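Sequence positions in the sequence shown follow our numbering and run 599 to 1322.
Heads up: the structure comes next, in structure tokens.
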Amino acid sequence: MSEPTGPTLLDPVQMGRPVGRLDGRRKVLGVAPYAVEHEAEGAAQAAMVASTVPRGRVRSIDATAARALPGVLAVLDHTNAPRVADGEDREFAPLQDDTVWFRRQPVALVVAESSEVAREAAALVAVEYDEEPAEVGLRPDSPRLYTPEKLSDGSESDTSAGDVEAALAAATHVVDETYATPYEHNNPMEPHATIATWHGEDAGLGDGPVLTLVDSTQGVHAVRSSLAPVLGIEPERLEVVAPYVGGGFGSKGAPHVNVVLAALAAKALAPRPVRLTVTRQQMFALVGYRTATIQHFRLGADADGRLTAISHDVLEQSAAIKEFVEQTGSPTRSMYAAPNRRTTHRVARLDVAIPFWMRAPGEMPGMFAHEVAMDELAHRCGLDPIELRVRNEPDVDPETGHPFGRRRLLECLRRGAERFGWEEGPRAPLSRREGDWLVGTGVASSTYPANAMPGNEATVTFEHGCYAVGIGAADIGTGSWTSLTQVTADALGVGLEQIRLGIGDTRYPSASVAGGSSGLSSWGIAITAAARAFREQHGDRPSEGASATAGMPDNPDLQEYALNSYGAHFAKVRVHADTGQIRVPRMLGVFSVGRAVNPTTLRSQFLGGMVMGLSAALFEESVRDPRFGHVVTQDLASYHVAANADVADLDAIWLDDDVETHLNPMGSRGAGEIGIVGSPAAIVNAVFDATGVRVRDLPVTADKLLAGLLPQRERDHVLGDASA
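Put into structure tokens, the structure is as follows:
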């Protein structure tokens, strides 16, 4: 292996400081505008009409009653809506034909003077269908199962090495179990929303935009590149604006049908703007979700607990209208050493809404199964769960054979065990009790790829004694306004007060999405390159208006090293012996993510991920109607997410001497998603430690524990009578 040829690291002066959010005051005062809060004089309001059948064709649409309602401006359907220029991506071709792909697909759009009138009119639109047979349930014997060519992360669907079956047959200890995760929905606080304004190609705008979209998105340039060809305009004539975004968790990583509908409605009413806000109920149908999974996991180990075989077979779903294949088995390929290994993915193409990215797509459900299986193996080997992981630590990446950049998983486990007060040795379920509560502890490992997305550029301009830095990045609540300002200051060698950052607008140079834990890494590389180009061209005393633009330089280390973040999760649970009620009084996460650019926002990301993992472990489940395939738990009352009462003592720390030398000039790695990976498994393992009941399908609820707790209650009763 040659000497490292990766990025030159910045000298951290502003980086590493716990700087408060620079956009915090505007948000607290309520003057930071989110998508629908932007001014748009005379804007009309749009409301969608949803299909009531899962598959078929629209026979007729009668909008007479809707059009008669005062304030209604237009009712669009497949017979009169503006045409798209490119309908190959069927999600981006709404109202173009009479085909119904899933229940609650938009089949018409009402535009009115107010949102109240628009919604009332939408309810008056009468639609008749020619319904066709549909398949909406995920099952192992589905006739629609197929092997996808690629997973959503670009990797192969199936991988194998060695002879897994022979190794399993010869293994001393074997785990052969099936694990399941449910459908889950992102539910950011700000629903998806768009204001669309067509300016008209003959409006005398010169090189100005033909269409402006104020959108709630994780990537303004992603919206532009996706929708410009669909709408038949040059990319530079489509402006997308999103300075403040109220959360996304992946669902806003690319545009969905609502953005196209807003653009079509605005074109029909041009030059009048149109606002379209996705309701909370519609969020469960139109903007993506995490697919359910059924995962068959097999582990084989020798007498010392060293893995000889790993087999991970994944069953999940996509949609008939558009393919999306979650990379559930990907983390299994590089997590632990074993000479014989296999991963497979089989996907059912169902007549349902389209799944999409949700925080740590693939890694979260895949590592849940892997880390619970590892806990089961530890029990069968009679080993401490941490010791089992130590014995199976790989020297190089098992999938590629590349050396690790910085794999410090064992340090995370050991640091966490010390801080948590982990009791070493083989676990003995049902060994601890506090009154009526059974007490248990669990551990799980975590990993997430260290990504740097291509195609980023930044511009630095000297204006009025300050440095104006522009990049089309996004801040979805993660703190990008602040951390990017810190990176820019160190790249230019000046104080924070001299930086004027501009993000969230396609007027700024191209930037990748805020997703895949890649935002800060990718954008920071481009900003650092632009800052260096600026200094090379203009020196330390630039003249007014001096400017430089640069993109991301080549980094051969990305191809020569396996770059990942790692972590260790520890959880303590209490389970009521009579009711099965579960409480999580304590969670600890220890992470290796490189240098902390901003400790305040970094810790916030870890804690947010851990809470989301707790929520997945105990609460979150989108329930589908088995007849029609739509989600019936379509509000935050029936789809419960973790609230304050569910979260007790959370602690997140990181290896503070950890500097990544192969990825970017900041020495950091992504941290937005690793907090959720592994945390559900730690809780599930702790529940087993407390109760002796192994739950293999999320979420863990009282009904799944009570049958196993009944014999324990009977033993307690007998012992109580005997002692009397």
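The C-beta atom is built at its ideal place from N, Cα and C for all residues, glycine as well.
Just so you know, these numbers come straight off a predicted model, no measurement behind them.
- If you look at R873, you'll find it in the beta strand (DSSP E) that goes 872-875.
- Non-local C-beta neighbours of V1221 in its own chain, meaning closer than 6 Å and more than five positions away in sequence, comprise V1230, T1231, ordered along the chain.
- Runs of the beta strand (DSSP E) lying entirely within the segment 1081-1146, each at least 3 residues long, are 1097-1100 in chain order.
- A direct Cα-to-Cα measurement between V773 and T941 gives close to 16 Å.
- In chain order, E1055, A1056, T1057, G1068, I1069, G1070, T1147 place their CB closer than 7 Å to the CB of P1107, counting only its own chain and leaving out the 5 sequence neighbours on each side.
- Closest in alpha carbon position to E1258, among Y1164, R615, V1037, is Y1164.
- When the beta-carbon positions are compared, M965 and G1276 come within less than 8 Å of each other.
- With 16 or more other CB atoms across the displayed protein chains lying within 10 angstroms of its CB, S824 is buried.
- For V647, there is no enclosing alpha helix (DSSP H); the residue is found in the beta strand (DSSP E) stretching over 642-648.
- Only exposed fits V629, as fewer than 16 other CB atoms lie within 10 angstroms of its CB.
- The three-state reading of DSSP puts N1049 in coil, since its state is none of H, G, I, E or B.
- The DSSP-derived three-state label of E985 is helix.
- In the DSSP annotation of this structure, the continuous segment of the alpha helix (DSSP H) that includes L1200 starts and ends at 1197-1216.
- Nearest Cα to D751 within the set H636, M956, L1090: M956.
- Each of M1150, G1077, Q880, T1045 was checked against the Cα of N1196, and the nearest Cα belongs to G1077.
- L905 has A899 as its beta-bridge partners, per DSSP.
- The beta-carbon distance between T770 and A899, rounded to whole angstroms, is 7 Å. This is short enough to meet the 8 Å contact definition.
- Take R1098, set aside five residues on each side of it, and the residues of its chain with a beta-carbon closer than 6 Å to its own are C1064, A1066, in chain order.
- With contacts defined by Cβ atoms closer than 8 Å, L608 and T1198 do not form a contacting pair.
- Taking the CA atoms as reference points, V1182 sits about 18 Å from A1015.
- The distance from the Cβ of A1089 to that of R1267 is about 18 Å, inconsistent with a contact at the 8 Å cut-off.
- DSSP places D660 in the uninterrupted beta strand (DSSP E) bounded by 654-660.
- Judged by their CB atoms, G851 and V1111 are nearer to each other than the 8 Å cut-off.
- A contact is defined here as three or more CB-CB pairs under 8 Å, and the segment 1004-1019 fails this definition with respect to the segment 894-908.
- In this structure, DSSP gives D813 an extended state, which the three-state scheme calls strand.
- Inclusion of M1208 and L1248 in the CB contact set at 8 Å is warranted, their separation being smaller than that value.
- For M933, the enclosing alpha helix (DSSP H) starts and ends at 930-933.
- Taking 8 Å as the cut-off, the beta carbon of E1219 is found no closer than this to the beta carbon of P1278.
- Per DSSP, reduced to three states, the secondary structure at W955 is coil, with no helix or strand assignment.
- The C-beta distance from V808 to V682 rounds to 15 Å, too long to meet the 8 Å contact threshold.
- Exposed is the label assigned to Q1157, since fewer than 16 other Cβ atoms lie within 10 Å of its Cβ.
- Rounded to whole angstroms, the separation of the alpha carbons of G1192 and S1081 is 15 Å.
- Sixteen is the threshold: when 16 or more other Cβ atoms of the shown chains lie within 10 Å of the Cβ of N784, as they do, the residue is buried.
- Sequence-distant Cβ neighbours of D684 in its own chain, meaning closer than 7 Å and more than five residues away, are P827, V828.
- The shortest C-alpha to C-alpha distance from Q816 to any of W796, A791, G848 is the one to G848.
- Here DSSP, grouped into helix, strand and coil, assigns R822 to helix.
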